[in-house]
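Written out below as structure tokens is the structure these notes cover.
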Amino acid sequence: MLVSAKEMLTKAKEGHYAVGQFNINNLEWTKAILLTAQELNSPVILGVSEGAGKYMCGYKTVVGMVNGMLEELNITVPVALHLDHGSYEGAKACIEAGFSSIMFDGSHYPIDENIAKTKELVAIAESKGMSIEAEVGAIGGEEDGVVGSGEVADPDECKMIADLGVTMLAAGIGNIHGKYPENWAGLRFDVLDAIQQKTGKMPLVLHGGTGIPADMIKKAISLGVSKINVNTECQLAFADATRKYIEAGKDQQGKGFDPRKLLAPGFEAIKATVKEKMELFGSVNKA
Ligand SMILES: [Zn+2]
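Its first residue numbered 640, the sequence shown is counted upward by one per residue in the numbering used here.
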């Protein structure tokens, strides 16, 4: 059964480790992540972006697939199904469809509007026993990708959003989605520290987990990050393994064209990536 992310993240914050959110795109992705979590006895959060939700035919299809797998693969570790960077409408649709967790990303709204909408969704999520993640927008400085500093949040705004009763809070600390630029300035630990000072026990979320060096990840966890989102890294691993299979001509040997064979190396590559991340984040045997 799907669970809210609240308990697993509260335990993670207290235990100084982080739970991985791994985004899913299809059956292979979902199966690879769930099986790895079970093998490593780790809690896990399955992330679904609105685009991926559409790709998988809608949120109800996703809920059906994930619930089916939990039962048929005998998954007993805590699993949350979480909307990633949800719009206000998307968040409501996922609540209806049977997700166990949502993110409302109101970071592009002015802070007052972000607060009003977050408040409303917190009340709904609470009444349904779901967890809810909010995001605080960036503050000044960067010129649309010209400098490699990423988004940096204002600790006071973080406190305002945290006080609305959200379960976990995403705040920019110089992290970037996708691949990091050559000139990336690194994570802003001073800002992270200030955010944690102001938000106390609130589990903090680090987005854009792909390509952040391991020592920075560990330091971020020590400063209160309890959830780390991984998406691009699984995509790169899957693409790379699939490319190798094709380039080696294996799809043209015997029944190598069978999708169950063709997609197997990518599936194994996702499993290896998820394992590596769970070990780095410290969530192994924390189910
Ligand atoms: Zn994100």
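The C-beta atom is built at its ideal place from N, Cα and C for all residues, glycine as well.
Sort the options by Cα distance to residue i and report the nearest one.
i, options, result
"residue 857", "826, 762 and 884", "826"
"residue 717", "660, 840 and 874", "660"
"residue 736", "698, 684, 873 and 688", "698"
"residue 922", "839, 713 and 649", "649"
"residue 828", "841, 818 and 814", "814"
"residue 904", "889, 914 and 917", "889"
"residue 795", "824, 761 and 831", "831"
"residue 719", "733, 897, 642 and 665", "642"
"residue 665", "657, 651 and 687", "687"
"residue 863", "870, 855 and 869", "855"
Any Cβ of chain C within less than 8 Å of the Cβ of residue i?
i, result
"residue 879", "The chain labelled as chain C is not found in the depicted structure, where only one protein chain is given."
Could you check if residue i is buried or exposed, using at least 16 other CB atoms within 10 Å of its CB as the buried criterion?
i, result
"residue 766", "exposed"
"residue 606", "The chain is shown only over 640 to 926; residue 606 falls outside these bounds and no answer can be derived."
"residue 891", "exposed"
"residue 861", "exposed"
"residue 818", "exposed"
"residue 822", "exposed"
"residue 885", "exposed"
"residue 712", "exposed"
"residue 645", "buried"
"residue 696", "exposed"
"residue 640", "exposed"
Under 6 Å Cβ to Cβ from residue i, same chain only, skipping five residues before and after it: list those, please.
i, result
"residue 924", "680"
"residue 756", "727 and 745"
"residue 694", "none"
"residue 834", "794, 797 and 810"
"residue 683", "676 and 718"
"residue 801", "808, 838 and 841"
Cα separation between residue i and residue j?
i, j, result
"residue 847", "residue 754", "23 Å"
"residue 853", "residue 750", "33 Å"
"residue 676", "residue 685", "11 Å"
"residue 872", "residue 915", "11 Å"
"residue 784", "residue 775", "Interpretation of residue 784 is limited by its pLDDT of 45, a score under 50 that renders its predicted location unreliable; no figure is taken from the coordinates."
"residue 714", "residue 672", "11 Å"
"residue 879", "residue 759", "42 Å"
"residue 909", "residue 762", "36 Å"
"residue 883", "residue 877", "10 Å"
"residue 906", "residue 702", "21 Å"
Going by beta carbon distance, what residues of the same chain come within less than 7 Å of residue i, once the five residues before and after it are set aside?
i, result
"residue 611", "Any property of residue 611 remains undetermined from this structure, which presents the chain solely from 640 to 926."
"residue 798", "837 and 838"
Leaving out the 5 sequence neighbours to the left and right, which residues in its chain are closer than 8 Å to residue i when beta-carbon positions are compared?
i, result
"residue 782", "Confidence at residue 782 is low in this model, with a pLDDT of 42, below 50, so the placement of that residue is unreliable and no value is reported for it."
"residue 655", "860, 861 and 921"
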